[in-house]
Amino acid sequence: MGIKVVFREAEKELDSGVSIIEALKAFDKKEAKKALGARINGKIIDLSTVLTEDTGFDIITGETPEGLEMIRHSTAHVMAAAVKRLFPDAKVTIGPAIESGFYYDFDRKEPFKPEDLPKIEKEMQKISNENLPFEVKTLTVAEAVEFFKAAGENYKVEIIEDLAAETGTTEVTIYKCGDFTDLCRGPHVPSTSKIKAFKLLDVAGAYWRGDETKPMLQRIYGTAFDSKEELDIYLKNLEEAKKRDHRRLGKELDLFSFQEDGGPGLAYWHPNGALIRHLIETFWKNEHIKRGYSLVYTPHIARAHLWETSGHLNFYKENMYSPIDIEGQEYILKPMNCPFHILMYKTKLRSYRDLPLRWAELGTVYRYERSGVLHGLLRVRGFTQDDAHIFCTPEQLKEEMINCVRFARYLNESFGFKDYDIFLATRPEGHAGTSEEWDVAENTLREALVQEGVPFTVDEGGAVFYGPKIDIKLKDALGRHWQGPTIQFDFNLPRRFDVNYIGQDGQEHKCFMVHRALLGSMERFMGCLIEHFGGAFPLWLSPVQIAILPISDRHQEYAQKIADQLREKDFRVTVDDRREKIGFKIREAQVQKTPYMLVIGDEEVAAAKIAVRERKEGDLGAMDIYRFIDILKERIEKKI
RNA sequence: GCCGGGAUAGCUCAGUGGUAGAGCAGCUCACUCGUAAUGAGCAGGCCGUGAGUUCAAGUCUCAUUCCCGGCUCCA
Numbered sequence: 118m119g120i121k122v123v124f125r126e127a128e129k130e131l132d133s134g135v136s137i138i139e140a141l142k143a144f145d146k147k148e149a150k151k152a153l154g155a156r157i158n159g160k161i162i163d164l165s166t167v168l169t170e171d172t173g174f175d176i177i178t179g180e181t182p183e184g185l186e187m188i189r190h191s192t193a194h195v196m197a198a199a200v201k202r203l204f205p206d207a208k209v210t211i212g213p214a215i216e217s218g219f220y221y222d223f224d225r226k227e228p229f230k231p232e233d234l235p236k237i238e239k240e241m242q243k244i245s246n247e248n249l250p251f252e253v254k255t256l257t258v259a260e261a262v263e264f265f266k267a268a269g270e271n272y273k274v275e276i277i278e279d280l281a282a283e284t285g286t287t288e289v290t291i292y293k294c295g296d297f298t299d300l301c302r303g304p305h306v307p308s309t310s311k312i313k314a315f316k317l318l319d320v321a322g323a324y325w326r327g328d329e330t331k332p333m334l335q336r337i338y339g340t341a342f343d344s345k346e347e348l349d350i351y352l353k354n355l356e357e358a359k360k361r362d363h364r365r366l367g368k369e370l371d372l373f374s375f376q377e378d379g380g381p382g383l384a385y386w387h388p389n390g391a392l393i394r395h396l397i398e399t400f401w402k403n404e405h406i407k408r409g410y411s412l413v414y415t416p417h418i419a420r421a422h423l424w425e426t427s428g429h430l431n432f433y434k435e436n437m438y439s440p441i442d443i444e445g446q447e448y449i450l451k452p453m454n455c456p457f458h459i460l461m462y463k464t465k466l467r468s469y470r471d472l473p474l475r476w477a478e479l480g481t482v483y484r485y486e487r488s489g490v491l492h493g494l495l496r497v498r499g500f501t502q503d504d505a506h507i508f509c510t511p512e513q514l515k516e517e518m519i520n521c522v523r524f525a526r527y528l529n530e531s532f533g534f535k536d537y538d539i540f541l542a543t544r545p546e547g548h549a550g551t552s553e554e555w556d557v558a559e560n561t562l563r564e565a566l567v568q569e570g571v572p573f574t575v576d577e578g579g580a581v582f583y584g585p586k587i588d589i590k591l592k593d594a595l596g597r598h599w600q601g602p603t604i605q606f607d608f609n610l611p612r613r614f615d616v617n618y619i620g621q622d623g624q625e626h627k628c629f630m631v632h633r634a635l636l637g638s639m640e641r642f643m644g645c646l647i648e649h650f651g652g653a654f655p656l657w658l659s660p661v662q663i664a665i666l667p668i669s670d671r672h673q674e675y676a677q678k679i680a681d682q683l684r685e686k687d688f689r690v691t692v693d694d695r696r697e698k699i700g701f702k703i704r705e706a707q708v709q710k711t712p713y714m715l716v717i718g719d720e721e722v723a724a725a726k727i728a729v730r731e732r733k734e735g736d737l738g739a740m741d742i743y744r745f746i747d748i749l750k751e752r753i754e755k756k757i
């Protein structure tokens, strides 16, 4: 019996039971070679799938995201196959494709060593050369359980049993690839010969199902691409990211350090880093004052009692430093600033006429983070939040949210983050407040975003228990995502602390309260900034903006004069008066990523000019100092 | 916290049981030089910390501190 098969507008009559790959060959041999999988009605399936009714299909190639995912998933299987060949005692668990590649978790007594990776890679290459087909087979749950039990693969048995219990499925699929058979939903590329551009990157421990109470497995990370060229580009990007690592640049540019004697997760800001921080903070403060915020300062510790009232000792205890005993009273280092601002709010009776009150503080907080999660400036135990709390009436909430979003965007764009995604996080399970309250708050936040005309994604259930929030995720120069501004509504604290205002009606009303941080913390933002710019900060943030490089001793005097003139205009200038060759001085300024170098020699002194070199553009030629100052001013104005 | 790897000069790193090394940086001297490294010399180390094994430990064992990679992107 014949069936009608459609491929890209062309139609053919083929025998029922024909496989997609055979059908495809009938249409276009070239495409058949490129195909990794097929798509029918939006579903991605194996090329070996047989067709029994009239249908249309399209192919998936390695050039599409779906194809790439297939390649990676299949590469994970090839890796598992290689591991089973080399280490027969390893038990397989799961091995998905992930954003940047794939991983596979194994259970094995002896952990994998970094030296094992090349061996496994070699075996994978062999498997690829063997051109083994991926063969799919459907088994009943009982058959599959029996099969994997016989193979001693107890994790697979657990997966199948859970799967059956959760979804009620009675059948599962297995894929055979040479002598290795794995439980897998597929789809897979037709043969291991399609797996040709891969690299194993790391070994790491990972808990079975991410659960700390479950056994620790050995995870191998790798990546794979459609072509060797793409793999090379990816590996090069990894190198580039390594060069931009803020921990490395922090050392090279002498920005910050961590001290073993001081304790982990506690940053030391060296003069260069501190200067950048000062510039960020000054800009931040001025912008807040412009927008009707008031700056406040609060202490670093408070009585344990305060944290009982706020509820932190209940829901946040494991992140807080232990109490300090002073005169029989327990004090705790603050993990958040909000209770302090509330105490200040409550120092007098507030009228609706006083609201909104916007109180901002660069508040330093301490939080206990588990030792294994600390990471440079990005995850620390002591940090300064660019915090603010807005106390307002329900009617004012929307406008305040709009202002926050606008402010957040302006601030981050000023620091070069022009690309970001906005998320509205809605109520999670077990939240505080009533459903009606959440409806009102979520709708107000949504309306604010709509009115502001910014695209956003709703993160269902992504909010914290005390209220909905707007999160902004920044994208850096390498396209990586960073947690950026967060604007959170709070039902909880105004109630716990009984935060009120007197309304027009002369009655007490509960305040609305908004927490927001626009940069996050000075530490994390600094780390993010360093990586975004690769250490080459824009002119306005560069610790040294201009390095003056006299060619020989007789040019010192003129160089000093130029330096004085620039310092007069508030530029940060150094004069390199060492007796070194000009090439050496340039190299050093270049390595320090100094935005401008001024070369001063006989010609410049004679013509009363300066030879300007920009760190990226190179030699800009000679110009007079006023022209140069104009260039500087323009760049600073534009914050580039 | 847990798994794995690591810690040697200011920095980057070599050193598999027998007298601690290199490059860069630092200091001294010479060179007065035109757009990314001038040359020579000198100095620099409780080999993260604490125990242990050994005639002998940077090296082996144990503990500890800190750093690095990871710890449900679900067959």
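With the working numbering as the guide, the letters of the first sequence map in order to residues 118 to 757. Even for Gly, the Cβ is constructed at its ideal location relative to N, Cα and C. Computed from a predicted structure; not experimentally measured.
Chain-order list of residues whose beta-carbon lies under 8 Å from that of residue i (same chain, five-residue window excluded)
| i | result |
| --- | --- |
| Phe342 | Gly179, Leu185, Ile188, Ala314, Phe315, Leu348, Tyr351 |
| Lys266 | Val274 |
| Tyr410 | Arg475, Trp476, Ala477, Ala505 |
Sequence-distant residues of its chain with Cβ nearer than 7 Å to residue i (five each side left out)
| i | result |
| --- | --- |
| Glu130 | Gly119, Lys121 |
| Ser310 | Ser245, Asn248 |
| Ile449 | Ile418, Ala419, Ala421, Trp424, Met437, Tyr438, Pro440 |
| Met740 | Lys726, Ile727, Val729 |
Reduced DSSP secondary structure (H/G/I, E/B, other) of residue i
| i | result |
| --- | --- |
| Ala207 | coil |
| Gln513 | helix |
| His395 | helix |
| Ser439 | coil |
| Gly184 | helix |
| Met740 | strand |
| Lys121 | strand |
| Asn271 | helix |
| Phe835 | No answer is possible for residue 835: it lies beyond the span of the chain, which begins at 118 and ends at 757. |
| Ser217 | coil |
| Lys434 | helix |
| Asp747 | helix |
| Thr290 | strand |
| Phe642 | helix |
| Asp349 | helix |
| Met333 | strand |
| Gly584 | strand |
Among the options, nearest to residue i - alpha-carbon criterion
| i | options | result |
| --- | --- | --- |
| Glu247 | Pro307, Gly718, Thr284, Pro228 | Pro307 |
| Ala421 | Asn431, Glu478, Thr415, Phe223 | Asn431 |
| Ile647 | Ala127, Lys331, Val631, Leu372 | Leu372 |
| Leu300 | Leu610, Ile277, Met518 | Ile277 |
| Phe229 | Leu334, Glu564, Glu128, His405 | Leu334 |
| Phe61 | Arg202, Lys226, Asn389 | Here the chain comprises residues numbered 118 to 757, so residue 61 is not present and cannot be evaluated. |
| His548 | Ala149, Asn609, Ile161, Tyr675 | Asn609 |
| Pro205 | Gly269, Ile587, Ile157 | Gly269 |
| Gly584 | Lys590, Glu553, Thr255, Glu398 | Glu553 |
| Asp736 | Pro712, Gly367, Phe219 | Pro712 |
| Met241 | Arg225, Ile312, Lys345, Asp536 | Ile312 |
| Thr287 | Val262, Asn271, Gly303 | Val262 |
| Arg544 | Asn560, Ser531, Arg744 | Asn560 |
| Ile215 | Tyr338, Lys208, Lys331 | Tyr338 |
| Ile748 | Gln600, Arg704, Ile663 | Ile663 |
Same chain only: Cβ atoms within 6 Å of residue i, ignoring 5 sequence neighbours per side
| i | result |
| --- | --- |
| Val490 | Arg496 |
| Val522 | Glu569 |
Cβ distance (whole Å) where residue i is taken to contact residue j below 8 Å
| i | j | result |
| --- | --- | --- |
| Lys710 | Leu370 | 7 Å |
| Leu383 | Gly493 | That pair is no contact at about 12 Å. |
| His363 | His506 | Their Cβ separation, rounded to whole angstroms, is 29 Å, which puts His363 and His506 out of contact at 8 Å. |
| Ala634 | Lys586 | Not really, about 11 Å apart at Cβ, beyond 8 Å. |
| Trp401 | Asp503 | 6 Å |
In DSSP terms, what residue i is bridged to
| i | result |
| --- | --- |
| Ala723 | DSSP lists no partner for Ala723. |
| Pro667 | Ile717 |
| Phe342 | Ala314 |
| Asp175 | Arg156 |
| Gly735 | Glu731 |
| Glu478 | Asp504 |
| Ala634 | Asp504, Thr603 |
| Leu591 | Tyr537, Trp599 |
| Ala197 | Paired residue(s): none; Ala197 is not in a bridge. |
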